[in-house]
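Structure first, commentary second.
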Ligand SMILES: CC(C)(COP(=O)(O)OP(=O)(O)OC[C@H]1O[C@@H](n2cnc3c(N)ncnc32)[C@H](O)[C@@H]1OP(=O)(O)O)[C@@H](O)C(=O)NCCC(=O)NCCS
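Residue numbers (my numbering): 3 to 217.
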């Protein structure tokens, strides 16, 4: 895919990763810029690309052929995704060149998959998901929109993950588990039981440490 202009939405740490993934994907562009609501004085460029300052509420005013959402926070990324779609903006995803995608898997075209991740057969990845670096998602797992699977997490087969779920770095989810919406799984957790919506779990085996307000 070749774009005239590409806007990376977000200029934080995750945006630097997304830029790197982009450079190692089959997407090319003539012009690229970052957009963030904060523009730090001593950080006005990222990898020699301009950062444009824009309040999120005015994000739809950017002039670009396509946008890439590079915001790790699920709730903010969901809000911006819906805002941009409402204003008929084109939102694209990325497949890093090293990704292995199993037969029969369906990946929404706004979803990002980072380096060395493996997505097994018949997996469904809905819209606006981040599959970070070195993730394994096994056969027939289904992941809901606006979720983020952090680096090195391993999701076994036939797992169902809801909307706006964050799976922490290095976490493991056993086969056939069902995780509700708006769940945070802590770094390194091992999920052995279903998790209800609006919960934070952590530890080995993972236990609920706190409840979240429903979204
Ligand atoms: C689980 C998590 C969300 C909890 O955050 P929090 O609500 O701010 O919780 P706190 O840091 O106040 O910790 C609460 C308790 O849980 C424990 N805890 C926190 N994270 C834990 C984890 N991952 N595993 C085991 N215990 C954990 C803390 O030690 C603390 O225990 P204590 O009460 O006995 O002192 C967070 O620690 C975490 O793991 N986030 C994921 C980070 C990550 O994956 N980043 C990758 C970015 S790409």
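All C-beta atoms in this analysis are idealised placements derived from N, C-alpha and C, irrespective of residue type, glycine included.
Check	Outcome
Would you list, in sequence order, the uninterrupted alpha helix (DSSP H) runs of no fewer than 4 residues that lie entirely inside the segment 54-107?	76-88
Is it right to say residue 57 is buried, meaning 16 or more other beta carbons lie within 10 angstroms of its own, or is it exposed?	exposed
I need the straight-line Cα distance from residue 34 to residue 8, nearest angstrom please.	5 Å
Under the DSSP definition of a beta bridge, which residues are partnered with residue 5?	31
Compare the beta carbon distance of residue 114 and residue 93 with 8 Å and say whether it is the shorter of the two.	no
Would you check whether ligand 1 has a heavy atom nearer than 7 Å to the C-beta of residue 153?	yes
Pull up the DSSP beta-bridge partners for residue 180, would you.	162
Hey, how far is the Cα of residue 186 from the Cα of residue 167?	6 Å
Between residue 130 and ligand 1, is there a pair consisting of the residue's CB and a ligand heavy atom that are separated by less than 7 Å?	no
Taking the DSSP output, what are the residues bridged to residue 52?	47
Is it the case that the Cβ atoms of residue 90 and residue 217 are separated by a distance below 8 Å?	no
Thinking residue 134 and residue 27 are a contact (beta carbons under 8 Å), I'd like their distance in whole angstroms, please.	Their Cβ separation, rounded to whole angstroms, is 15 Å, which puts residue 134 and residue 27 out of contact at 8 Å.
Using C-beta distances below 8 Å, list every residue in its chain close to residue 108, excluding the 5 sequence neighbours before and after it, in chain order.	125, 126 and 127
Helix or strand or just coil, what does DSSP make of residue 193?	strand
Measuring straight from C-alpha to C-alpha, what distance separates residue 195 and residue 179?	6 Å
DSSP on residue 137, reduced to helix/strand/coil?	coil
If you compare alpha carbons, which of 157, 80 and 17 is closest to residue 51?	17
What first and last residue would you give for the alpha helix (DSSP H) that runs through residue 19?	15-25
Could you tell me if residue 60 is buried or exposed, where buried requires 16 or more neighbouring beta carbons within 10 angstroms of its beta carbon?	exposed
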